[in-house]
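Note that this note's numbering gives residue 777 to position 205 of the sequence shown, counting from 1, and the numbers run on in steps of one. Some notes on the structure that comes next.
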Amino acid sequence: MTTTNPLGVHALVWVGDTSPASVETAVARTKAAGFDLLEISLHDSVNLDVPAARTQLEEAGVAVACSRGLAFDADVSSDDPGTVARGEKLLQQSLAITGDLGGTHFTGALYSALGKYGAPLTQAGRRNIVSVLQGLAKEAQGRGMTLGLEICNRYETNVINTAADALRLADDIGEDNVLIHLDTYHMNIEEDDLVRPVHLVGDRLGYVHIGENHRGYLGSGHLDFTSFFHALADISYTGPITFESFSSAVVARGLSNDLAIWRNLWDDGEDLATHARRFIANGLAAAAPRAAA
Ligand code: MN
């Protein structure tokens, strides 16, 4: 079943690192499972052979998007200028890698570390985020790329936990290529439902993560995906929809701990992803507007 939206899968469904052999495996399995796009987390970018990965992606006809969070010692939401500068450098390097891979979407927690903060965001920290992301957005604009602000739950950031928070931050950054990234896993924790945030964001939605409440098989938890797919249809969303799922069966050094992946939700990534591809395509098809009989 074909869809209007490019359908993606997070590389951590397949492999825990981005060594050349792992990227080759991830690209091949992404294609075999019928996805259009592979999302690569750049937390492991020191091991990524960018030209080789680009060739593998192009030869397979698989598109790419990149995501990341920052780190507590390289964090643009900090009050400390040195920490902010390290965060800014990480963002600039990651944007360049995304572009060099052939990607147009660079998204994630681009505004803070991924982890539990012990205090609210400060005003100075917020000003630092706005200033750094204004510059990064201009760089991205020059390369025909968009930035996504992924809204994460309170245990993973203190910057933006809701769609309303994210829209205020994007307004303050004030660049047209800074878009909102909704993730059903985080929405389940922070939003009133899975519909109103989609309507609120509307045509500023640029990227979507589909994940269950426990990050396992779609449909095995309690999330109301029917309503979510209807809401995406309401706003005529045509951007990428990427399946995100994590299990202790595939471990990425650093990222798995940042995301608190302690449980085994699945062992067979191929079965999981094939099921997810079908689940998302069916949900979108059922929600698509159609003429009254
Ligand atoms: Mn996500």
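Glycine included, each C-beta is placed from N, C-alpha and C at the ideal position.
- For Tyr757, the shortest C-beta to heavy atom distance toward the ligand MN is below 7 Å.
- Within the chosen limit of 7 Å, the ligand MN does not reach the beta carbon of His794 with any heavy atom.
- Of the candidates Ile782, Pro623, Ser639, the residue whose Cα lies closest to the Cα of Ser799 is Ile782.
- In the three-state DSSP reduction, Ile732 falls in the coil class, being neither helix nor strand.
- With at least 16 other beta carbons inside 10 angstroms of its own, Gly855 counts as buried.
- Around the CB of His794, fewer than 16 other CB atoms lie within 10 Å, so the residue is classed as exposed.
- The closest heavy atom of the ligand MN lies 7 Å or more from the beta carbon of Glu784.
- In this structure, Arg787 lies near Tyr757, with their beta-carbon atoms less than 8 Å apart.
- Rounded to whole angstroms, Ser808 and Glu816 show a C-alpha spacing of 22 Å.
- In this structure, Ile723 sits near Asn733, with a CB-CB distance shorter than 8 Å.
- Counting C-beta atoms within 10 angstroms of its own C-beta, Trp834 has fewer than 16 neighbours from the protein chains shown and is therefore classed as exposed.
- Rounded to whole angstroms, the separation of the alpha carbons of Tyr727 and Ser617 is 24 Å.
- Counting of Cβ neighbours within 10 angstroms places Ala696 among the exposed residues, the total staying below 16.
- Between Ala605 and Arg849, the CB-CB gap stays under 8 Å.
- Taking the Cα of Ile752 as reference, the smallest distance to any Cα among Leu772, Gly690, Gly720 is reached at Gly720.
- Between the segment 651–666 and the segment 627–635, the count of Cβ pairs shorter than 8 Å is below three; the stretches do not touch.
- DSSP links Glu611 through a beta bridge to His582, Ala637.
- Contact fails between the segment 812–830 and the segment 762–776, because fewer than three Cβ pairs, one in each stretch, are under 8 Å apart.
- Straight through space, the alpha carbons of Leu682 and Gln664 are spaced by roughly 11 Å.
- In this model, Ala598 and Asp796 are separated by some 29 Å (Cα to Cα).
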